[in-house]
Amino acid sequence: MSMINTALTGLVAAQRGLEATSNNVANAGTDGYVRRRIVQVEGVTAGAGLTADLGSGARVTGVERMYNAFLAEALRGATSNSERATALADMTARLDTLLGNPDQGIHNAIQSFFDQVELLARDPTSAANRQQLLQQGDSLMQRFQQLDSQLRGLDNEVNQRLQDSATRVSNIAAQLADINAAIGRGVSGSNDLADQRDALLAQLSSQLDIMVVPQADGTTTVMVGNGQPLVLGSNSARLSLVPDSFDPTRSSLSIDFGTEVRPIGGQVTGGTLGGLLAFRNAALDPARRELGLLASTLASVFNGQHAMGVDANGNLGGDFFATGAPTVLHGSRNTGTATPTALVTNPASLQARDYELRLDGGTWSLRDGSSGQLLTMTGAGTAGNPFSFDGVSVVIGPGAASGDRFLIRPVADAAGRFSLATSDPAAIAAAAPVAASRALANSGNATITMIGPADAGNPDLRDPVELRFDSPTSYRIFDAGNNDISGPLPWTGNDISFNGWTVRIAGTVATGDRFSVRPTAPGSGDNANALALAGTSTRGFLGTGQISVDQLSSRLLSTVGAAALRSRQDSDVQAALQEQAGIDLESASGVNLDEEAANMLRYQQAYMAASKMIAVSDDLFRTLLGILN
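Under this note's numbering, read the sequence shown as residues -6 to 622, first letter to last.
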């Protein structure tokens, strides 16, 4: 009977092999399925002697998953990187399209506005030109506001997608905890549960970067961020979005494990969540600040020049554009009652950044609103001695408490607040505030021209005066009452400055020649300031006077365009790496139908051979019985 028993063990082992092969073939197209292989060992023989030496057949001790943990981890990492790159590339491409679109972008709108300024300079008395300049200014205002609104729309979309992704992560974590509980209870079908677990881990890695730690009991611990547990045994945490500590319209990522809620937004770098956070922090927010800096700079440089001219009524020019004061946001956990106010005191020193003012133990500190880098400032935060930094002054006011924090945003909201400060065509200051002329009776051929912008802040700027030459090398200045207000002054061909204006006299001056400098008459047709206004787009202004409006606009477009290109290239690379990691894992753990066909043939032959041995044993047994009978 030992021959029959031995053959039966081979028959059963071959049958189990065929069953495993059949299951592999059936799941060849099932995502996440890991092929099975029976663990077949030699049977255990009791006793000693010849029977023990011959052996007692084979036995199947279990079914093994052909799982390669190293390759699975590599695929999860590649998936996390690829999904991050994809989310970042898609959103950055949309940002690039938004800002660089010829019909909707800002560059062409600025160019169209300054083209109209040049048309006004050609005919400053034209009512149509003045009205069209206001219309172009209104179009520029709408373009700035529309772009700012669209950027805030992208921010809202990021918030919603973060919420959707966080919900998906929480649901997957709960399912993983349930699988851990089932595995821990030792329920049947543990290999199927392991397949489900690995498929869920793959889905989870597409949402954020994770660390997977297998436990001795077969369960899996999943951590995120800096080791925060997401799945621990049969328990799971929940990802959620909470309002930003400064801006309630913006959400921050946190993890809730039941006992406390911890922010982890800065710790998530992979997956869709990481890509969305990277887009918001590294592309969207900087672009909105750069757009605001562009709006603020354009308004400042244009207003500054506009104030140096006079309008059609003979009045000094006022502001043409407005962008509002810097935004001050209060920390949600502030306990004090202080309400700081911020003003732009030096527009040329503004930077595309936010600032955090923090009071700790009676000491104020200034940090970069994005990086947290410690910055320097001067002043004490009082009305008489305000805090001052990067062209901004801040007065804190009474009631601040230790731990209070304030976010100062000098330019981030400037594009959304960009507006026209006038609606009167006659208020456009196209003319210079003063005009210079030579007397018709002059015997010399010298001419006089205004040089450079006049100082509109000089209270005596528009006082009429006359330059009278006592000789070709000496002159006096007389006021409107014919009073000598200067005495004899030497002249060797140098420019003459007085009351905030500068003139240049060129040619031959004769004794008795007179030159007058008088306020520009209303409706004079003078275009000096209009010409200067047309040049403000290319005039260096920011920093040390090296960066113009045109350069700022080009910098915004080129920065976003370069970021879009880099992110797309990185997305392509990461997708290729993910594909290769998937191929590697599939090669090691997936079902190969050719291999399964070979296994099926091998187990089939083993099954047939074992059946034949049973038949031979039966014949021998019957022969033996016949002999005995």
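By construction, the Cβ of each residue, glycine as well, lies at the ideal position given by its N, Cα and C atoms.
Taking just the CA atoms, how far does arginine 77 sit from leucine 277? 16 Å
Go to aspartate 304, then tell me how far its beta strand (DSSP E) extends in each direction, as first and last residue. Taken as a continuous stretch (DSSP letters only), aspartate 304 belongs to no beta strand (DSSP E), as it is neither H nor E.
Where the alpha helix (DSSP H) through tyrosine 600 begins and ends: It spans 586 to 621 - the alpha helix (DSSP H) in which tyrosine 600 sits, taken as one unbroken run.
Between Thr328, Tyr26, Gly285, Gln567, which has its C-alpha nearest serine 412's C-alpha? Gly285
Same chain only: Cβ atoms within 6 Å of asparagine 327, ignoring 5 sequence neighbours per side: Correct list, in chain order: Asp397.
Quick check: the Cα distance between proline 465 and threonine 440, rounded to an integer number of angstroms? 14 Å
Exposed unless 16 or more other CB atoms sit within 10 angstroms - verdict on arginine 115: With fewer than 16 other Cβ atoms within 10 Å, it is exposed.
Arginine 282 classed as buried or exposed, judged by whether at least 16 other C-beta atoms fall within 10 angstroms: buried
Evaluate glutamate 349 with the Cβ neighbour count: other Cβ atoms within 10 Å of its Cβ, from every protein chain shown; 16 or more gives buried, anything less gives exposed. buried
Under the three-state reduction of DSSP, which class applies to threonine 334: helix, strand or coil? strand
Measure the C-alpha to C-alpha separation of valine 217 and tyrosine 596 and round it to an integer number of angstroms. 45 Å
Go through its chain and collect everything with a Cβ distance to threonine 212's Cβ below 7 Å, but skip five positions before and after it. Asn173, Ile176, Gly177, Gly226
Taking contact to mean at least 3 C-beta pairs separated by less than 8 Å, is the stretch 147 to 163 in contact with the stretch 248 to 268? yes
With a cut-off of 8 Å on the beta carbons, I'd call tyrosine 600 and leucine 1 a contact; round off their distance for me. For a cut-off of 8 Å, the C-beta gap from tyrosine 600 to leucine 1 is around 12 Å, too long to register as a contact.
What residue from Val502, Ser467, Phe508 has the CA that sits closest to arginine 431's CA? Phe508
Between the beta-carbon of glycine 36 and the beta-carbon of alanine 603, is there less than 7 Å? no
Could you tell me which residues DSSP pairs with proline 512 in its beta bridges? Val427
Separation of alanine 195 from serine 203, as counted between CA atoms: Contrary to the premise, residue 203 reads as isoleucine rather than serine in this sequence. Answer to the nearest angstrom: the Cα atoms are 10 Å apart.
If we ignore side chains and look at the alpha-carbon of each, how far apart do glutamine 153 and glycine 538 end up? 41 Å
Could you compute how far the alpha carbon of alanine 67 sits from the alpha carbon of alanine 574? 7 Å
C-alpha gap between threonine 72 and serine 560, whole angstroms: 16 Å
Cutting at 6 Å between CB atoms, please list the residues of its own chain near aspartate 577, excluding the five before and the five after it. If we look at aspartate 577 and ignore the five residues flanking it on each side, its Cβ neighbours are Leu64.
Arginine 28 burial status per 10 Å Cβ neighbour count (16 or more: buried): buried
C-alpha distance - glutamine 128 paired with phenylalanine 314, whole-angstrom precision: 13 Å
Phenylalanine 534 beta carbon less than 7 Å from that of threonine 290: yes
Helix, strand or coil: which one does DSSP assign to isoleucine 401? strand
Contact between the stretch 524 to 533 and the stretch 292 to 310 (3+ Cβ pairs under 8 Å): Taking a contact to require three or more Cβ pairs closer than 8 Å, the stretch 524 to 533 and the stretch 292 to 310 qualify as touching.
Tell me glutamate 57's beta-bridge partners as DSSP assigns them. Arg30
Per DSSP, cross-strand counterpart(s) of phenylalanine 471: Phenylalanine 471 pairs with Glu459, Asp477.
Compute the Euclidean distance between the alpha carbons of glycine 55 and leucine 232, then round it to the nearest angstrom. 38 Å
When the Cα atoms are used, what is the spatial distance from alanine 568 to serine 75? Straight across, the Cα-Cα distance linking alanine 568 with serine 75 is about 5 Å.
Count the other CB atoms, across all protein chains shown, that sit within 10 Å of the CB of proline 95; report buried if there are 16 or more and exposed otherwise. Burial call: exposed.
So who's on the other strand from serine 490, going by DSSP bridges? Thr495
Alanine 230 and aspartate 249 look like a contact to me (Cβ under 8 Å); what is the Cβ gap, rounded to whole Å? 6 Å
Here's a check: name, in chain order, each residue in its chain whose Cβ is nearer than 8 Å to the Cβ of serine 119, leaving out the five neighbours to either side. Leu113, listed in sequence order.
What do you get for valine 566, buried or exposed, if any count of 16 or more other CB atoms within 10 angstroms of its CB means buried? exposed
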